[in-house]
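Data first, discussion second: the structure below is written as structure tokens.
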Amino acid sequence: MSFTAPRAILFDLDGTLADTAPDLAAAVNQLRTARGLAPTPYEILRPTASAGARGMIGASFGLTPADEGYEELRQGFFDNYQAAMMVHSRLFDGVRELLDGIEAAGLVWGIVTNKPARFTDPLMPLIGLDHASCVVSGDTTAHAKPHPAPLLEAANRLGLAPEQCWYAGDDLRDIQAGRAAGMPTIACQWGYCGAVEPQSWDADHLLATPQDLLALLRATLKDGALAA
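Numbering (the numbering used here), first residue to last: 92 to 319.
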């Protein structure tokens, strides 16, 4: 895909802008300790953080949404997480500078996450992202990523064509959703990245740091278009 100068940058939230894995891991381990089980090691839980409750419960209890007992754990996980969303969560290093650079370039930025609005809405001001131009949560549209509907909703809210937006995320489904929506895609290696190596995601660009994304943006704006 040819990288033309964008008018907006859209981001995934967990694992892309914000390092929320510590609080997500604490929420699922609270379920384990309440049942007399040892906590699941953080290094096992962190890579699954972008998958939310499904990832956390799968890694910690070995259950899927189709299994008996999953829904009870899911509701308990949600309750635990809602009660302590901002104990250890923070923006990744360089994200604040990235967002400032986007705004300085005269562009807008938004968030498209599979996190339910129940958590997204209160988290935004707590973590310093409440000035996003749009926020589309996992239950804003009828479908969540990897379906393109949330990304198309974000573009619509910004009054832009999909191809005028870049989408950056740290999970395969982010790239799948971005491509399905017709947006240039950025795979963010500084995030959680899951079990599938990001080199195989077929993203337009694979970047190691938020500073790399800012440099790519500046180069693209300077050149007018940049071949991927």
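Ideal Cβ positions, reconstructed from N, Cα and C, are used throughout, including at glycine.
Item	Value
In chain order, each alpha helix (DSSP H) run of at least 4 residues that lies wholly inside the stretch 237-263	240-249
Pairwise C-alpha distance: ALA118 and LEU317	Residue confidence is low: LEU317 scores 40 on pLDDT, short of 50, so the model does not pin down where it sits. Its coordinate-derived value is still stated next. So the alpha carbons of these two residues sit roughly 43 Å apart.
Residue ranges of each alpha helix (DSSP H) within the stretch 198-228, 4 or longer	208-218
Nearest neighbour of ALA136, chosen from GLY127, ASP114 and ASP221 [CA to CA]	A small fix is needed here, since residue 136 is Leu in this sequence, not Ala. The shortest Cα separation from LEU136 among GLY127, ASP114 and ASP221 belongs to ASP114.
Straight-line Cα distance separating ALA195 from PRO156	43 Å
Cβ contact check for the stretch 183-198 and the stretch 98-107: 3 or more pairs under 8 Å	yes
Endpoints, alpha helix (DSSP H) assigned at PHE102	Note, PHE102: premise wrong, no alpha helix (DSSP H); beta strand (DSSP E) at 99-102.
As assigned by DSSP and simplified to three states, the class of ASP114	helix
Cα-Cα separation, PHE232 to VAL203	Inspection of the sequence shows that residue 232 is occupied by Thr rather than by Phe. One C-alpha to the other measures close to 11 Å.
Residues near CYS225 by beta carbon distance below 7 Å, same chain, minus five either side	GLY201, ALA245, ARG248 and LEU249
Contiguous alpha helix (DSSP H) assignments of at least 4 residues, all confined to the stretch 143-196	143-152, 161-174 and 186-195
Inter-stretch contact at 8 Å, needing at least 3 Cβ pairs: the stretch 207-224 / the stretch 154-174	yes
Close-in-space but distant-in-sequence residues of the same chain around ARG181 (CB under 8 Å, 5 per side omitted)	ALA109, ASP110 and ILE218
Unbroken beta strand (DSSP E) run spanning ALA278, endpoints	276-279
Which of helix, strand or coil DSSP assigns to ASP265	helix
Simplified DSSP assignment, three categories, for LEU136	helix
Distance, PRO239 Cα to ALA273 Cα	The identity of residue 273 in the sequence shown is Gly, whereas the question assumes Ala. For GLY273 and PRO239, the distance between alpha carbons rounds to 9 Å.
Residue range of the unbroken beta strand (DSSP E) whose run includes LEU298	296-298
CB contact flag (CYS279, THR107, <8 Å)	yes
Run of the alpha helix (DSSP H) containing PRO301, from where it starts to where it stops	301-314
Classification of LEU128 by the beta-carbon crowding that lies within 10 angstroms, buried from 16 upward	exposed
Straight-line Cα distance separating HIS296 from GLU288	14 Å
For THR232, three-class secondary structure by DSSP	coil
Nearest-angstrom Cβ-Cβ length linking ALA150 and PHE168, presumed shorter than 8 Å	About 12 Å; that fails the 8 Å criterion.
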